[in-house]
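Read top to bottom, the protein sequences are chains F and G.
Residue 456 is where the first sequence ends in the working numbering, and the numbering goes up by one at each step.
Residue 585 is where the second sequence ends in the working numbering, and the numbering goes up by one at each step.
Backbone N, C-alpha and C fix where the C-beta goes; we use that ideal spot for every residue, glycine too.
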Amino acid sequence: MCESYHPQSCDTPDPTAAGFTRRRFMGHGLGLISAAATVPAFLMRAGDALAADTTMRLSSKPGVPDDRVLVVVQLSGGNDGLNTVIPFGNNLYYKNRPSLGIKEDQVLTIDGVDGVGLHPALAPIREMMDAGLAGVVQGVGYPNPNRSHFASMDIWHTANAGSENGGGQGGRGWIGSALDHLDSPTGLDCLSIGNDAPLATLGHTSRPVSFEKAQLFRWAGRDLDQAVSKTYDQVQHVPVNADHPLEDPGHDDPLAFINRTALDAQVASQRVRKAVWLKSETKWPKNGLANQLQMVAKMIRAELPTRVYYVAMGGFDTHANQANNHQRLMQQFAQSMKAFYDELEASGQRSRVVSMAFSEFGRRVRQNASGGTDHGCAGPTFVFGDHVNAGILGKHPSLDKLQSGDLIHSVDFRSLYTDLLEGWMKLDAKAALGRRFPSAGILRGAAV
Amino acid sequence: MAVNTSLSPIAENRFDLAAARHLLWRVGYAGAPAEVRELQTMGRDRAVGRLVDYGKIDDGALPTLDLDPDVLRKLTDEERQRYRQARQNGDQDVLDEQRRMNLKNRGEDRKMMGRLRQWWIERILATPRPAEERLTLLWHGHFASSHRSVRDAYLMQQQNHLFRRHANRSFADLARGIVRDPAMIKYLNNDRNFKRKPNENLARELMELFTLGVGNYTERDIKEGARALTGYTLDDNDFAFRKGQHDNEPKTILGKTGNYDGDAFVEILLKKDACAKFVALKIYDTFVADVGDVYDAVPRGPRKIIDGLAKRLYRNGYQLKPVLTELFKSQHFHDPGIVGQKIKSPTQLLAGTVRGLATPTRSKTAMASSMASMGQVLFEPPTVDGWSGGRAWINTSTLFVRQNLTTYLISGQHPAKAFRPGQTEYDPRVLLAGLEDKSADAVTDYLIDHAVGPHVSAPRRAPLHRFMTDRGDDTSNENLVALLSLITAMPEYQLC
Numbered sequence: 009m010c011e012s013y014h015p016q017s018c019d020t021p022d023p024t025a026a027g028f029t030r031r032r033f034m035g036h037g038l039g040l041i042s043a044a045a046t047v048p049a050f051l052m053r054a055g056d057a058l059a060a061d062t063t064m065r066l067s068s069k070p071g072v073p074d075d076r077v078l079v080v081v082q083l084s085g086g087n088d089g090l091n092t093v094i095p096f097g098n099n100l101y102y103k104n105r106p107s108l109g110i111k112e113d114q115v116l117t118i119d120g121v122d123g124v125g126l127h128p129a130l131a132p133i134r135e136m137m138d139a140g141l142a143g144v145v146q147g148v149g150y151p152n153p154n155r156s157h158f159a160s161m162d163i164w165h166t167a168n169a170g171s172e173n174g175g176g177q178g179g180r181g182w183i184g185s186a187l188d189h190l191d192s193p194t195g196l197d198c199l200s201i202g203n204d205a206p207l208a209t210l211g212h213t214s215r216p217v218s219f220e221k222a223q224l225f226r227w228a229g230r231d232l233d234q235a236v237s238k239t240y241d242q243v244q245h246v247p248v249n250a251d252h253p254l255e256d257p258g259h260d261d262p263l264a265f266i267n268r269t270a271l272d273a274q275v276a277s278q279r280v281r282k283a284v285w286l287k288s289e290t291k292w293p294k295n296g297l298a299n300q301l302q303m304v305a306k307m308i309r310a311e312l313p314t315r316v317y318y319v320a321m322g323g324f325d326t327h328a329n330q331a332n333n334h335q336r337l338m339q340q341f342a343q344s345m346k347a348f349y350d351e352l353e354a355s356g357q358r359s360r361v362v363s364m365a366f367s368e369f370g371r372r373v374r375q376n377a378s379g380g381t382d383h384g385c386a387g388p389t390f391v392f393g394d395h396v397n398a399g400i401l402g403k404h405p406s407l408d409k410l411q412s413g414d415l416i417h418s419v420d421f422r423s424l425y426t427d428l429l430e431g432w433m434k435l436d437a438k439a440a441l442g443r444r445f446p447s448a449g450i451l452r453g454a455a456v
Numbered sequence: 090m091a092v093n094t095s096l097s098p099i100a101e102n103r104f105d106l107a108a109a110r111h112l113l114w115r116v117g118y119a120g121a122p123a124e125v126r127e128l129q130t131m132g133r134d135r136a137v138g139r140l141v142d143y144g145k146i147d148d149g150a151l152p153t154l155d156l157d158p159d160v161l162r163k164l165t166d167e168e169r170q171r172y173r174q175a176r177q178n179g180d181q182d183v184l185d186e187q188r189r190m191n192l193k194n195r196g197e198d199r200k201m202m203g204r205l206r207q208w209w210i211e212r213i214l215a216t217p218r219p220a221e222e223r224l225t226l227l228w229h230g231h232f233a234s235s236h237r238s239v240r241d242a243y244l245m246q247q248q249n250h251l252f253r254r255h256a257n258r259s260f261a262d263l264a265r266g267i268v269r270d271p272a273m274i275k276y277l278n279n280d281r282n283f284k285r286k287p288n289e290n291l292a293r294e295l296m297e298l299f300t301l302g303v304g305n306y307t308e309r310d311i312k313e314g315a316r317a318l319t320g321y322t323l324d325d326n327d328f329a330f331r332k333g334q335h336d337n338e339p340k341t342i343l344g345k346t347g348n349y350d351g352d353a354f355v356e357i358l359l360k361k362d363a364c365a366k367f368v369a370l371k372i373y374d375t376f377v378a379d380v381g382d383v384y385d386a387v388p389r390g391p392r393k394i395i396d397g398l399a400k401r402l403y404r405n406g407y408q409l410k411p412v413l414t415e416l417f418k419s420q421h422f423h424d425p426g427i428v429g430q431k432i433k434s435p436t437q438l439l440a441g442t443v444r445g446l447a448t449p450t451r452s453k454t455a456m457a458s459s460m461a462s463m464g465q466v467l468f469e470p471p472t473v474d475g476w477s478g479g480r481a482w483i484n485t486s487t488l489f490v491r492q493n494l495t496t497y498l499i500s501g502q503h504p505a506k507a508f509r510p511g512q513t514e515y516d517p518r519v520l521l522a523g524l525e526d527k528s529a530d531a532v533t534d535y536l537i538d539h540a541v542g543p544h545v546s547a548p549r550r551a552p553l554h555r556f557m558t559d560r561g562d563d564t565s566n567e568n569l570v571a572l573l574s575l576i577t578a579m580p581e582y583q584l585c
């Protein structure tokens, strides 16, 4: 475990440690390699053999589901929650949204829920709700809301609502902090699609693998030519103590550490790129979020040791001419999530994947003069998977009791994190969030 | 092999090219072969003096940056009145307008922050006083504040000036300055530290992270220290002391009782041995070896050096130059067990490659994005504890980013773009000016010696020699670009 205050004492897993655990097998394969100091071709074969061997899907601890996956979908810009989960039964909604309000006859209703329904473009998600695969928690937020994208996003990422100055504190992310406590990190525990690693995924030692395209998760110098690529591999396969082979460089040797990490990275890179090369089983819509989720579905199917995937979709900052834009965003979001779970089902992976889709804030109750909405506070958060409580969860925030024109939250977002970390991933939520939060009840009993 | 733990200087004649190179890499941001030779010719004492005592080196050619101090200005009385009235009357239009104005100013400020960050990077890449930037960055990581929370680029720049002004002078003045620094006051909420409602944030970090280290004070000392700091706040862009909010009663801090204010609190801290040791440890961890920042966890050998440095710091009233000078001449600093064993920070990797190999600087956005992916966004340390450093810099993700950055600087091959041959715009042969034997073998060894260090073992060099042999021993521009891309992708290159 990597709990020490010293970054120096945190290390890649001991490759000689006994047992093929699913999360450890990469390290093990490398143990063989560095001991034998053999050629790169073997490295590839070793990785492939292990990947193909499904008996590797063993748990490191009895009773702990080692292969559960969490997918986080960030809807950047502040999704208009009020036009996502729509309180059509309340006149105040139409009063505040004279032109933007979705007409009652268009709202998608949910069996057993009165006066509240979904945006018409969310039909694929309603289908998932009917199948018990999707839920939406209403009124999610935090105390002393901050209406700056930047600060509010920081708050969601760090799980620190910084009551002192009401702003983001920077700091470490909720996912990264939770993954800091993994018994045997693989170097591929968290994967984010995009150029920069989201703050949420940055822990004390844990950092995600992040790339926009899987092809970029490699050494770019390989493109110079074949001989360069070959020489690059050769250097790393010369033992670091080759000039004095009787002396064990030991764990403290920084060069041995970096060389080991380089070999780890090599295996991770090959596995990721090979996984993404696979063909999908189902048909996918063509949009940014769908493309990202399609990659994630392939990596899940290839059984990478990755526990958390992070994807993002932008465009939700609808200050003007919202109606059409929001319609398109809702449609892309819903179609992508549906396609993702269809693909997971087709590849037999659905039961091990829970997803959450959040936005940094909702928008003002009252529409503005440009046919749009300005930054607000509480909003709905979606959860997906076999193991979530389906349907519209909780109570819609009041439309008459507002805080400076904004909805007041009833569920703290960190309660959702608690369920996902502790209930789903069996990670230490308190260590990641700084303190305990009550469950938001998003998981079905059996999953917890 | 035991590491020499003496602070006595190395013999004059041991200050060879390798030693000069080590000095330039560890204390500055590397340099071209000609710079290494020049430093070596100066001899041990003048070479160390040139790096550490840089005040007389003219830096007038460096870019300057004037930021608008009023992007985030205080409201005028008139505006304040108008918004107060709007709040009372629930006038949403006026409130919306205020909100939009706020968001616009924040956006402006973030743009300014981008310029400030770029300015610092450019300075690091071009400065004739590299140790000044190394030390300024050291103090930025030590007295860490982040723009993510301060959210005022102008204040961040003022803080940077504070660190630069005292960088090689006196730690005592840095500590004295930091409790009056508007960015820090904002970052650690001392603007909310009032007599009737003390806020302990600054008092706590001042002891835990800035001066003494964990275990050298009690919770009670924090409470009392916070009282001493009450009323230390900011007025727009300047420090302000608000007498009315200051607790004017006696406090007991670390066993001493008196009617202390924040400045007196700092003096009490500076009188503690633990403070000198804590600062010496930080200097050691920055320049000598990745030992972390917990004194009690440091092995005996390094601890002996740290204690020696701490004594000298304390005796000289926290003057930094004497300590740095002694350290950088020392047998310990130049021991083979120390050389080539320290993990480079992202800033060192970037600046060291540009300066050490004389590469083009390439695209600004690519540089900024690499720095973010490698985990070191200047002006945004992850926590008040600064950057973790050492092994925390390296993992499966950052290692590719690091290798791709150096490859990009050398070859022009942008990691996110399709390969375009012939875009290098860089001729590594400029590095070979002093080399007589221009055979492929000699050039390969020369470039490894220069870029990584002469300590690289022969078996690890062998693949690179084979590579050049397979190319018909042709030291063309193209082949040298490939060779340098390979050398900088060696795991050894991550160390210095």
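Asked                                                                                                                           : Found
The region 207 to 235 of chain F: positions lying closer than 9 Å to chain G by Cβ                                              : L207, L210, H212, T213, S214, R215, P216, V217, S218, F219, E220, K221, L224, F225, R226, W227, A228, G229, D231, L232, D233, A235
Chain F within 9 Å of D559 (chain G), Cβ atoms only                                                                             : yes
DSSP-derived helix/strand/coil call for T239 (chain F)                                                                          : helix
Extent of the continuous beta strand (DSSP E) to which K345 (chain G) belongs                                                   : 345 to 347
DSSP-derived helix/strand/coil call for L224 (chain G)                                                                          : helix
Outcome for P446 (chain F) when other beta-carbon atoms lying within 10 angstroms are tallied against a minimum of 16           : exposed
Extent of the continuous beta strand (DSSP E) to which D563 (chain G) belongs                                                   : From DSSP, D563 (chain G) is part of no beta strand (DSSP E); its letter is neither H nor E.
For S259 (chain G), the residue or residues it bridges with in DSSP                                                             : G:Q408
Residue-level contact to chain G via CB, D272 (chain F), 9 Å cutoff                                                             : yes
When F:K287, F:V248, F:Q274, F:M345 are compared against N484 (chain G), the one with the closest alpha-carbon                  : F:Q274
Any chain F beta carbon closer than 9 Å to N484 (chain G)                                                                       : yes
Cutoff 9 Å: D204 (chain F) Cβ touching any chain G Cβ                                                                           : yes
Cross-chain neighbours of E581 (chain G) in chain F, by beta carbon under 7 Å                                                   : L263
Residue of G:A242, G:D147, G:A123 minimising C-alpha distance to L467 (chain G)                                                 : G:A242
Cβ neighbours of E221 (chain G) in the same chain (closer than 6 Å, five flanking residues each side left out)                  : Y143, A256
Contact set between I110 (chain F) and chain G, taken where Cβ atoms lie within less than 8 Å                                   : The contacting residues do not exist; I110 (chain F) stays about 22 Å from chain G at best.
Contacts of G179 (chain F) in chain G (Cβ-Cβ under 8 Å)                                                                         : P471, T472
Spatially closest choice to S423 (chain F) from F:P206, F:I133, F:I416, F:R443, by CA coordinates                               : F:R443
Local Cβ density within 10 Å of H383 (chain F), reported as buried at 16 or more and exposed below that                         : buried
Counted within 10 angstroms of its Cβ, other Cβ atoms place V519 (chain G) as buried (16 or more) or exposed                    : exposed
Status (buried if at least 16 other CB within 10 Å, exposed otherwise) for D300 (chain F)                                       : Here the sequence assigns Gln to residue 300 (chain F), which means Asp is not the residue at that position. When all chains shown are included, Q300 (chain F) counts as buried.
Length of the line joining the Cα atoms of H503 (chain G) and Y497 (chain G)                                                    : 5 Å
Residue-level contact to chain G via CB, V148 (chain F), 9 Å cutoff                                                             : no
Cβ shell of E101 (chain G) (< 7 Å), same chain only, five flanking positions each side left out                                 : G132, R133
Within-9 Å CB hit, I266 (chain F) to chain G                                                                                    : yes
Between the CA atoms of P471 (chain G) and T269 (chain F) - distance to the nearest angstrom                                    : 23 Å
One or two residues paired with H383 (chain F) in a DSSP bridge                                                                 : F:R371
Residues of its chain near W164 (chain F), where Cβ-Cβ distance is below 7 Å and the 5 sequence neighbours each way are ignored : F366, E368, F421
Contact check, A167 (chain F) vs N152 (chain F), beta carbons under 9 Å                                                         : no
Interface residues of chain F facing F556 (chain G) [CB-CB closer than 7 Å]                                                     : A235, T239
I163 (chain F) - containing alpha helix (DSSP H), residue span                                                                  : 157 to 166
Element boundaries [beta strand (DSSP E), containing K145 (chain G)]                                                            : No beta strand (DSSP E) holds K145 (chain G); DSSP gives it neither H nor E.
Simplified DSSP state of V380 (chain G), which is helix, strand or coil                                                         : coil
Pair within 9 Å by beta-carbon distance, R240 (chain G) and R195 (chain G)                                                      : yes
Counterpart residues of S200 (chain F) in DSSP-defined beta bridges                                                             : F:S218, F:Y318
Distance between beta carbons of D427 (chain F) and L451 (chain F), contact taken as under 8 Å                                  : 5 Å
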